[in-house]
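Chains as they are written, first to last, in our numbering: chain A, 291 to 672; chain B, 291 to 672; chain C, 291 to 672; chain D, 291 to 672. Glycine included, C-beta positions come from ideal geometry on N, C-alpha and C. Since the structure comes first, as structure tokens, the remarks are kept for the end.
Number of protein chains: 4
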Amino acid sequence: MINKTVSNRPRAREIGLQIGKLPPAEFNAITDVEGVLIGHTTLIEGHGALEIGKGPIRTGVTAILPHPRNLIDEPVEAAHFVFNGAGTTSGLSLIDEFGQIETPILLTNTFSVGAVYDGVTRYLIKTAFDEGRNPRWFNPTVGETYDGGLNDAAGLHIKAEHVFAAIENARSGNVAEGNVGAGTGTSACGFKAGIGTSSRCVEIGGKTWTVGALVQSNFGGELIIDGVPIGELLTDRASAEDSASDQIDGSIMVILATDAPLSSRQLHRLAKRGTFGLARTGSNGGHGSGDYFIAFSTSYRQCIGAGKTAEMATFVQNESRLNPLFCAVADAVEEAILNSIFRAETMTGRDGRTVPALPMDAVIEILRTHGKCWHETQPVSC
Amino acid sequence: MINKTVSNRPRAREIGLQIGKLPPAEFNAITDVEGVLIGHTTLIEGHGALEIGKGPIRTGVTAILPHPRNLIDEPVEAAHFVFNGAGTTSGLSLIDEFGQIETPILLTNTFSVGAVYDGVTRYLIKTAFDEGRNPRWFNPTVGETYDGGLNDAAGLHIKAEHVFAAIENARSGNVAEGNVGAGTGTSACGFKAGIGTSSRCVEIGGKTWTVGALVQSNFGGELIIDGVPIGELLTDRASAEDSASDQIDGSIMVILATDAPLSSRQLHRLAKRGTFGLARTGSNGGHGSGDYFIAFSTSYRQCIGAGKTAEMATFVQNESRLNPLFCAVADAVEEAILNSIFRAETMTGRDGRTVPALPMDAVIEILRTHGKCWHETQPVSC
Amino acid sequence: MINKTVSNRPRAREIGLQIGKLPPAEFNAITDVEGVLIGHTTLIEGHGALEIGKGPIRTGVTAILPHPRNLIDEPVEAAHFVFNGAGTTSGLSLIDEFGQIETPILLTNTFSVGAVYDGVTRYLIKTAFDEGRNPRWFNPTVGETYDGGLNDAAGLHIKAEHVFAAIENARSGNVAEGNVGAGTGTSACGFKAGIGTSSRCVEIGGKTWTVGALVQSNFGGELIIDGVPIGELLTDRASAEDSASDQIDGSIMVILATDAPLSSRQLHRLAKRGTFGLARTGSNGGHGSGDYFIAFSTSYRQCIGAGKTAEMATFVQNESRLNPLFCAVADAVEEAILNSIFRAETMTGRDGRTVPALPMDAVIEILRTHGKCWHETQPVSC
Amino acid sequence: MINKTVSNRPRAREIGLQIGKLPPAEFNAITDVEGVLIGHTTLIEGHGALEIGKGPIRTGVTAILPHPRNLIDEPVEAAHFVFNGAGTTSGLSLIDEFGQIETPILLTNTFSVGAVYDGVTRYLIKTAFDEGRNPRWFNPTVGETYDGGLNDAAGLHIKAEHVFAAIENARSGNVAEGNVGAGTGTSACGFKAGIGTSSRCVEIGGKTWTVGALVQSNFGGELIIDGVPIGELLTDRASAEDSASDQIDGSIMVILATDAPLSSRQLHRLAKRGTFGLARTGSNGGHGSGDYFIAFSTSYRQCIGAGKTAEMATFVQNESRLNPLFCAVADAVEEAILNSIFRAETMTGRDGRTVPALPMDAVIEILRTHGKCWHETQPVSC
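Here's what the structure looks like:
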């Protein structure tokens with residue numbers, strides 16, 4: 291089990307890109323929403339020909355904890371939007387019905403949803419017993435995309451222990467991106483992709499709220515970076531090492547967090563705006579691309595968890611004041627997707643199949659000719 | 291592993307009840323829809339005090355196979371309706387998006403969804419390899435209700451082998467009801483319940499179509515039998531052995547099958563009508579009752595599977611001709627629920643907790659005073 | 291224009307029926323929810339052969355005002371559930387998106403939706419100008435069922451003035467039922483029906499909340515009264531004057547009000563439970579029956595309207611405490627439907643077509659043999 | 291009543307832009323889908339101060355006829371997607387339930403939905419009588435956006451005669467764009483906008499299918515043209531006459547037509563992809579922007595209408611073959627929006643308020659510096 295990968299590749303903002311006008315928060319990550327923790331278990335083992343059950347293994351698990359405490363006691367207000375249901379995410383009907391998420395959110399590969407669901411079930415039962423009580427029923431949220439292009443997916447290498455590790459290793463602060471966790475074996479628009487994250491600060495009525503996005507990107511299309519059709523332009527350059535392989539299908543899991551005290555209905559509105567970020571990176575919205583957006587609010591919970599009457603934010607009196615949050619979601623998702631690709635290194639997996647990293651030198655050169663890099667007016671983080 | 295239970299208790303129709311005016315088909319079971327197979331794995335082990343991981347065990351798995359062949363190659367048109375999303379059923383977004391089910395449908399207990407999802411994943415991967423090809427991605431449909439009142443639910447006793455057994459033992463013809471499979475440890479309206487099934491024949495335009503329902507009943511409320519408030523009347527009799535324990539919450543999984551060539555949109559309309567049957571048995575529609583209705587058509591698939599252009603039924607030209615199918619669904623669900631309770635025997639589970647069977651003698655006496663049993667005009671099966 | 295009809299026929303509770311165990315409030319009407327006002331405009335003119343544009347006219351408008359003040363300034367939290375979308379109700383997408391209703395709710399006949407929408411638009415524009423300001427945009431909620439069996443529906447007899455009258459005549463207290471307002475020309479299960487209402491009191495955590503239902507009933511099926519299949523039994527009696535004409539299709543509009551401080555998500559859950567009441571009255575859920583359930587909370591608004599931070603009810607911390615409200619909805623809808631039929635008198639309309647009233651003497655006789663009338667333990671109103 | 295406006299302004303493709311890689315069809319309009327007819331009624335009257343009921347009038351009606359025959363007899367398969375329900379479109383529940391549209395689709399301004407609903411009701415009743423039969427019930431599809439920024443919206447200037455005119459004047463071939471019909475008084479991203487249209491040809495399995503889009507654009511955001519942030523760059527130029535006024539809110543109605551034989555479920559998938567086109571033009575997805583996407587198939591109907599068994603397209607056997615249609619939708623919507631702005635001339639309305647046209651010279655200059663105009667490889671129409 292390899293828990294860390296180090297990528298020396300830049301994030302989108304490090305080459306001067308800025309998506310939208312709102313500033314990112316401290317880590318430009320979903321962990322900028324106070325309390326949110328991210329943990330990865332990354333499995334990279336073996337090389338060469340695929341031998342089912344033996345490898346090569348290129349997969350993992352990513353855990354998103356809305357806060358560090360017991361989620362069954364303190365569920366977070368939540369919602370989801372399914373742009374394309376060509377995949378599976380367990381727990382969505384509970385989110386619809388109760389407007390809450392009551393477990394950690396887990397991401398993994400398609401065939402390991404059962405193992406991860408079982409793993410998080412075991413983790414929560416164990417946690418309950420450790421706290422000296424019987425567990426009540428719960429319904430975990432487990433999402434996936436398919437990494438069988440590089441990974442021995444049918445080998446079912448994810449075990450309960452990997453789920454425990456991802457949850458227990460979850461941390462605030464900087465988030466590992468690219469070929470880590472559930473993104474270890476994924477790709478997007480023909481380039482190696484994986485996990486990416488970003489955040490935005492929004493001021494409403496004198497208060498500052500944070501929106502964070504984390505993606506497991508694995509979708510098809512032709513990559514667009516800040517409006518520039520990089521996928522098409524790289525193909526025009528016709529250099530073999532630069533061009534992406536054809537990628538028609540795929541999927542994306544998008545997790546959105548905010549400390550703004552929003553109801554599930556309002557979070558559903560936020561989740562929908564995530565599709566704008568996806569559209570702007572060039573997704574083709576393909577038939578087989580399961581595109582799921584899950585949003586939760588950390589702040590709203592605190593009112594409920596504290597045994598007090600729940601308070602909804604003052605700004606719901608004029609819900610048009612949500613507009614900056616809507617823009618923040620679209621922009622953070624767009625940048626999180628870019629980061630998931632920027633940070634991912636070339637990977638060779640099963641049967642020697644290689645998915646190339648985005649060729650940064652060529653990309654920067656193209657972006658410069660479009661006036662895109664190194665804006666002088668980059669907003670500092672809020 | 292105990293795969294069979296024999297119940298000597300009567301089905302609803304055997305004491306003269308008839309729900310609605312439409313006749314049942316040969317077995318009065320979901321298997322009357324040609325091709326549909328049902329398999330149960332029933333786990334009943336141990337007695338006495340709950341010892342997590344050791345038992346007592348009162349649980350199981352039920353497999354519904356829409357047809358005997360490979361479902362990934364020949365998916366069936368399908369739809370669902372969630373009356374109350376307070377539970378989990380995996381695979382619903384795929385049903386929405388593709389209008390299809392492409393795997394066996396599995397039912398189990400709440401905490402074993404992960405194990406059963408993993409089990410069916412393993413089964414389908416194995417099947418693919420047995421057929422000499424790599425599996426493509428798929429998204430199983432796994433539903434649940436909570437049986438922790440009798441079962442060592444947190445002991446996680448369901449394993450992949452139990453899923454394999456339920457699928458491999460699936461049969462046409464008579465269906466075991468009551469304390470079997472996923473219904474082994476469930477109860478409804480304070481009485482022991484479990485698996486129940488029923489069917490109806492419908493004639494539209496000179497052709498006969500069959501509708502079948504199978505339920506895993508576990509919901510709260512006061513039992514109503516064919517309009518008679520049995521739950522309330524038994525309580526009024528105040529005899530301890532007759533009265534049900536309080537049951538506020540619970541859940542129900544309802545699977546509907548038909549050979550009528552319906553589109554997913556039309557099947558969604560059918561699924562919704564299932565709630566009428568649930569309402570008429572006295573469900574209180576409680577907060578925590580995850581009530582899921584899944585409907586599929588076996589006939590529609592055949593057109594697609596055969597590589598031909600899909601044909602939709604002629605009667606879609608006047609969709610009001612679906613009305614008899616709507617009634618058939620409501621009636622079959624109502625009777626399937628009654629059968630799930632009628633056929634279930636008293637069970638004692640963890641910590642000596644006992645859920646009584648419906649007291650048939652008292653029930654028959656009450657029904658007779660309401661003129662309900664032994665109608666002279668029972669329709670013979672079609 | 292005839293604004294009042296007087297019916298001497300009894301309400302369901304006046305012959306001793308009681309639906310469920312919860313007590314009704316003072317008027318056993320939707321107006322028991324404080325602030326709710328109901329107004330009817332009833333158009334009954336002409337006899338004999340249908341002459342399009344001249345009559346006979348048997349139609350009307352019913353206005354439901356969630357509270358007496360300006361709804362655009364003080365919208366009420368709201369939700370809806372469409373059991374069968376075979377009809378039209380304008381404004382549903384706004385209810386979904388904002389979780390609010392911001393106008394009076396109007397009911398009418400199918401072909402007059404445009405006229406009523408235009409009428410309420412004119413009313414709200416006029417109201418704004420009367421208050422000395424420009425109107426901002428709004429989206430009225432207008433529902434319908436089809437009354438063309440008795441009414442010169444294609445004659446389009448509803449005008450803006452009838453909408454104004456219904457809104458301006460809206461009152462609290464007793465609600466006219468049967469052949470009034472939007473129910474003037476409707477029928478259900480083959481009997482004359484129309485407007486009906488009922489209410490329930492629920493105690494949660496030491497506080498009493500009220501739930502009210504108002505229906506415009508026009509649906510097909512075989513009438514069931516408190517579990518007794520009256521429709522079928524009357525047919526068996528084979529007396530011409532008692533038996534209902536065949537009614538396969540139709541529709542129902544159900545409006546639910548409560549003073550419980552519920553969010554739109556919770557109100558959606560309430561709205562769904564209304565279908566249980568519909569099922570229990572014998573609806574066949576027919577293809578062409580547009581069955582719409584709209585729920586609003588009067589209490590929740592007050593927090594928003596007062597410029598304060600909105601407060602959600604304490605009981606959302608344990609949403610299972612909503613259960614009594616769920617039962618209240620199912621029961622109030624069932625009783626409101628019965629009242630809509632009980633109170634409606636035989637009506638002869640276009641081309642001399644007659645829809646018979648429910649034959650009360652025969653019904654009471656049948657109910658007595660089932661032990662249904664004059665319970666000794668009727669709950670007094672709360 | 292002014293029925294025609296002539297705009298000398300170029301369409302997007304006439305300055306060399308090409309959105310995506312698929313070619314447009316003959317007219318690059320929704321009318322390229324055989325049978326589709328578009329009719330506008332444009333009302334432009336008066337100048338100066340707003341006098342409610344007198345003007346100035348800047349509004350209209352646009353009619354989309356899926357085919358020239360009676361739609362009640364030959365409804366078209368249809369679906370919708372609501373990205374943001376902050377508006378009203380009547381008839382959506384029927385589209386969901388029956389998967390069909392059975393009337394012309396009408397677009398107008400927010401306050402005139404009632405008048406237009408009434409107008410189309412009158413039109414369809416008249417049509418039925420003209421054909422010598424009684425009308426059965428129907429539910430029209432009427433959408434809207436708010437044009438009160440320029441128009442005397444509260445003056446309610448749209449009458450039934452304007453609806454009749456739009457329907458009766460509906461034509462195939464070239465479609466008037468910009469300040470016509472329902473787009474007469476609308477604006478987008480701070481520039482004058484209105485009606486726009488575009489089409490794409492797609493080859494699947496040796497057959498060519500057409501997708502057409504028509505928009506009534508009225509949304510907020512910062513305009514993006516083919517990836518270039520024109521709104522932001524024009525603002526940077528700081529020339530008063532170029533810069534758009536602030537536009538935060540608004541709405542958009544998008545109508546999609548295709549001759550591909552798709553089911554309502556598949557059309558729903560198409561409709562969702564329309565949001566990608568909206569995202570790429572810079573919409574901010576604002577709180578008050580009612581964004582509705584309605585899609586219909588002309589081909590599917592023909593099977594039903596002819597009294598034959600309906601045939602679904604062969605390519606549903608492998609629904610991934612829909613991918614080119616998904617791209618076609620996103621691209622056609624994006625280009626239709628651009629055309630709605632490109633073709634709209636500066637308009638001065640109520641109280642002398644002026645919304646500027648997009649400054650084409652400045653835009654072309656900016657686009658050229660981004661290498662966007664006059665591609666040499668423009669696809670000819672298919």
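- Under the three-state reduction of DSSP, G564/D is assigned to helix.
- Taking 9 Å as the CB threshold, G575/D lines the interface with chain A.
- About 6 Å separates the Cβ atoms of C617/C and L312/C, confirming a contact at the 8 Å cut-off.
- By DSSP's assignment, F481/B forms a beta bridge with A478/B.
- L524/C is positioned such that its CB atom lies no closer than 9 Å to that of T571/C.
- With a cutoff of 9 Å on beta-carbon distance, R490/A and A369/A are scored as not near each other.
- Rounded to whole angstroms, the Cβ separation of V366/B and S587/B is 6 Å, and the two are in contact under 8 Å.
- Judged by beta-carbon spacing, G350/A lies beyond the 9 Å limit of G486/A, meaning their Cβ atoms are not closer than that value.
- With contacts defined as CB atoms closer than 9 Å, A483/A and G468/A qualify as a contacting pair.
- For S541/D, the enclosing beta strand (DSSP E) stretches over residues 541-548.
- Per DSSP, L612/C lies in no beta strand (DSSP E) segment and is marked neither H nor E.
- For chain D, the residues of the stretch 370-396 of chain C that bring a beta carbon within less than 9 Å of one of its beta carbons are V372, N374, G375, A376, G377, T378, T379, S380, G381, L382, S383, L384, I385, D386, E387, F388, in chain order.
- For H577/B, there is no enclosing beta strand (DSSP E), as DSSP marks it with neither H nor E.
- DSSP places K416/C inside the alpha helix (DSSP H), whose first and last residues are 403-420.
- Short of 8 Å from the beta carbon of V410/A, and not among the five residues preceding or following it, lie these beta carbons of its own chain, in chain order: T393, P394, L396, P430, V432, V453, I457.
- Within the stretch 541-574 of chain A, those residues whose Cβ lies closer than 8 Å to any Cβ of chain C are, in chain order, S553, S554, R555, R559.
- Under the Cβ criterion of 9 Å, R490/D is not counted among the residues facing chain C.
- Using a Cβ distance threshold of 9 Å, G642/B and G439/B do not count as a contacting pair.
- In the three-state reduction of the DSSP assignment, F632/A falls in the helix class, which pools H, G and I.
- Listed by position along chain D, the residues whose Cβ is nearer than 8 Å to that of E609/B are F388.
- In the displayed model, G511/B falls within a strand according to three-state DSSP.
- Looking from the CA of I305/C, the closest CA among I654/C, G661/C, H660/C belongs to I654/C.
- Any Cβ of chain D closer than 9 Å to the Cβ of C617/A would place that residue at the interface, and such an atom is present.
- I627/B is outside the set of residues whose beta carbon lies under 9 Å from a beta carbon in chain C.
- For T500/B, the closest of D549/B, F371/B, E624/B by C-alpha to C-alpha distance is D549/B.
- In the three-state reduction of the DSSP assignment, A585/A falls in the strand class, which pools E and B.
- Below the 7 Å Cβ cutoff, chain D contributes I538, N574, G576, H577 as neighbours of N613/A, in chain order.
- The beta-carbon of W427/C is placed less than 9 Å from the nearest beta-carbon of chain D.
- Taking a Cβ-Cβ cut-off of 7 Å, A460/D has no neighbours in chain C, whose nearest Cβ is about 20 Å from it.
- Judged by DSSP in its simplified three-state form, R303/C adopts helix.
- Bridge partners of S383/C according to DSSP: none are assigned.
- Look at P313/A: its C-beta is not under 9 Å from any C-beta on chain D.
- Here G471/A is near G329/A, since their CB atoms are less than 9 Å apart.
- Under the criterion of beta carbons closer than 8 Å, T435/B and N374/B do not qualify as touching, at roughly 12 Å.
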